[in-house]
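For the sequence shown, numbering that gives the first Met the number 0 gives the first residue as 0, with consecutive numbering after it.
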Amino acid sequence: MATNNDDHGGPAVSDEEWARFLEQAGEGPGEAPKEPSARARMVTERLRREDEQRARAAKKGRGRGAGAGRGAEPAGWRTGPAWQEMQGRGKTRRRLKATLAVAFVAALALLAIRPELVIDRVTGRAEQDAKAKEPLAPETARPTAAPSAQYPDRPTLKEPFKGSPAVQWADGAAGIELPEATGLNGLSKEQVGTGLTLAKQFLVAANLDPATIRGERPQAALDLIDPAQGELLDVLERALAKPDKGSDPLRMFTRAGAETRLAGDVVKVRGRLEVRPGDAHGQVDLLADYTFVYPLVQTKPGAEEVSRSIIRRQMKFTVANPKEWRVKAGTVQLGDYLYDVGNSACSVYDGSLHPSFSDPSGVSGPTPSGTPVDPYDRSRSLSEETREGCGTLSRS
0 MATNNDDHGG
10 PAVSDEEWAR
20 FLEQAGEGPG
30 EAPKEPSARA
40 RMVTERLRRE
50 DEQRARAAKK
60 GRGRGAGAGR
70 GAEPAGWRTG
80 PAWQEMQGRG
90 KTRRRLKATL
100 AVAFVAALAL
110 LAIRPELVID
120 RVTGRAEQDA
130 KAKEPLAPET
140 ARPTAAPSAQ
150 YPDRPTLKEP
160 FKGSPAVQWA
170 DGAAGIELPE
180 ATGLNGLSKE
190 QVGTGLTLAK
200 QFLVAANLDP
210 ATIRGERPQA
220 ALDLIDPAQG
230 ELLDVLERAL
240 AKPDKGSDPL
250 RMFTRAGAET
260 RLAGDVVKVR
270 GRLEVRPGDA
280 HGQVDLLADY
290 TFVYPLVQTK
300 PGAEEVSRSI
310 IRRQMKFTVA
320 NPKEWRVKAG
330 TVQLGDYLYD
340 VGNSACSVYD
350 GSLHPSFSDP
360 SGVSGPTPSG
370 TPVDPYDRSR
380 SLSEETREGC
390 GTLSRS
């Protein structure tokens, strides 16, 4: 390792050692730079003079094509690694500030376009809307009150159940949950379970099958009725062929009028299916109580208004032990049935739903009157309702 003597004849540190010393000093963890000692200043001055001498010698040589020689002066505390690191941090901070500025401008633009995104969060509306869409637990008994009335929004094609308690109800057949089957009144657990499955199949075929809703013949539902109930089947056949006030197929099957269609492909459902002993040994009654909500839109081009029709049905199915009763396997017997229709033209008995729209060109009937009734109130008993007349609704 080469060494140099200073002007006083004493041994001097090598250039490499001095450069390493300054580099280590510059890498101190955040310490303030120290004033170089007299010896350090003297060595630095000597190195500077050597650089100047080399520069003058280079000028006397070839004037073109001279390479850029590297100076002997080591990196100082303002030009060494520590200072470069500080410059790097400064660039990072500047980039971070620029990124934050861009994000802030984008946020302002979004706020200008959709202020409800911020306003709803500040006011708590967003959280309320999220809770309003949470699905409800299955119904296991008759409710004691009507659903909350805090649903002011109007339905749209994109959100046809907006503004309705049904927004929290199950979709379609998922809303018909079967209770656990148990052996009862001379029927095995398996027989009761089969009866529950058949009852659900009938409710789906009669009220949720897209073909049935479109107005087609509900053959799948008819096939589930025990042929022994010939009189009932004859009534239903006459109603489907020529509906009138005395034999309206809407009493059993849900169909939309030709001027309307479903807004989307979802019907909301809420209710329960209970198992009770039948009137005689070897029989079990299945009591169904379900409300179906149909969002409908007119079929004319460009129609966007959504109007919801609501039907509540109470129906008794009877399952019998074939060892004690003459029944056809794979079918059920229908008992008493009641229905209540909300938002459909009164005194129109053509077997279809005809909800009201702002467009007066649709099917209409007498003007409703009387005390408003909530069609979503499942705490009411349909047996207490007066079936005649044309009442008003508190909401749809």
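Glycine included, C-beta positions come from ideal geometry on N, C-alpha and C.
Counted within 10 angstroms of its Cβ, other Cβ atoms place residue i as buried (16 or more) or exposed
i, result
"Thr253", "buried"
"Asp208", "buried"
"Ala344", "buried"
"Thr370", "exposed"
"Gly301", "exposed"
"His280", "exposed"
"Thr181", "exposed"
"Lys157", "exposed"
"Gly471", "Residue 471 lies beyond the residue range present for the chain, which begins at 0 and ends at 395; the question has no answer from this structure."
"Ser357", "exposed"
"Asp225", "buried"
"Ala204", "buried"
"Lys267", "buried"
"Asp373", "buried"
"Gly329", "exposed"
Within 8 Å, strictly: CB atoms of residue i and residue j
i, j, result
"Ala238", "Pro248", "yes"
"Asp288", "Gly270", "yes"
"Asn342", "Leu392", "yes"
"Glu176", "Pro142", "no"
"Arg312", "Ser395", "no"
"Leu231", "Leu221", "no"
"Gly390", "Pro367", "yes"
"Met314", "Leu295", "no"
"Gly263", "Pro159", "yes"
"Asp318", "Leu285", "Note that residue 318 is Val in the sequence shown here, rather than Asp. Yes."
"Thr155", "Val305", "yes"
CA nearest to the CA of residue i, picked from the options
i, options, result
"Glu273", "Arg250, Tyr293, Phe316, Ala302", "Phe316"
"Val283", "Leu135, Arg325, Leu195", "Leu195"
"Pro164", "Thr298, Tyr293, Trp324", "Tyr293"
"Ala425", "Val331, Pro178, Asp335", "Residue numbering for the chain in the displayed model covers 0 to 395; residue 425 lies beyond these limits and cannot be assessed."
"Lys241", "Tyr348, Lys267, Glu323", "Tyr348"
"Ala219", "Ala198, Glu230, Val234", "Ala198"
"Thr211", "Pro367, Ala257, Leu177", "Ala257"
"Asn320", "Ser378, Pro217, Val191", "Val191"
"Lys327", "Tyr338, Gly229, Gln313, Pro142", "Gly229"
"Ile309", "Asn206, Thr366, Val318", "Asn206"
"Tyr168", "Leu135, Tyr375, Leu183", "What sits at residue 168 in the sequence shown is Trp, not Tyr. Of the listed residues, the one whose Cα sits closest to Trp168 is Leu135."
"Asp376", "Asp335, Thr290, Glu323", "Thr290"
"Leu186", "Met41, Ser346, Glu304, Arg275", "Arg275"
Contact set for residue i: own chain, Cβ-Cβ below 6 Å, skip 5 residues either direction
i, result
"Val265", "Asp170"
"Arg250", "Tyr338"
Neighbourhood of residue i by C-beta distance below 7 Å, restricted to the same chain and skipping five residues each side
i, result
"Gln200", "Leu223"
"Thr396", "No answer is possible for residue 396: the residues shown for the chain start at 0 and end at 395."
"Glu16", "none"
"Thr139", "Arg271"
"Asp243", "Tyr348"
Inset, instruction - Return the chain-ordered ranges of every alpha helix (DSSP H) run that is complete within the segment 220 to 283 and spans a minimum of 4 residues. - result: 229 to 240
Legend entry - Unbroken stretches of the alpha helix (DSSP H), 4 residues or longer, contained in the segment 324 to 383: none
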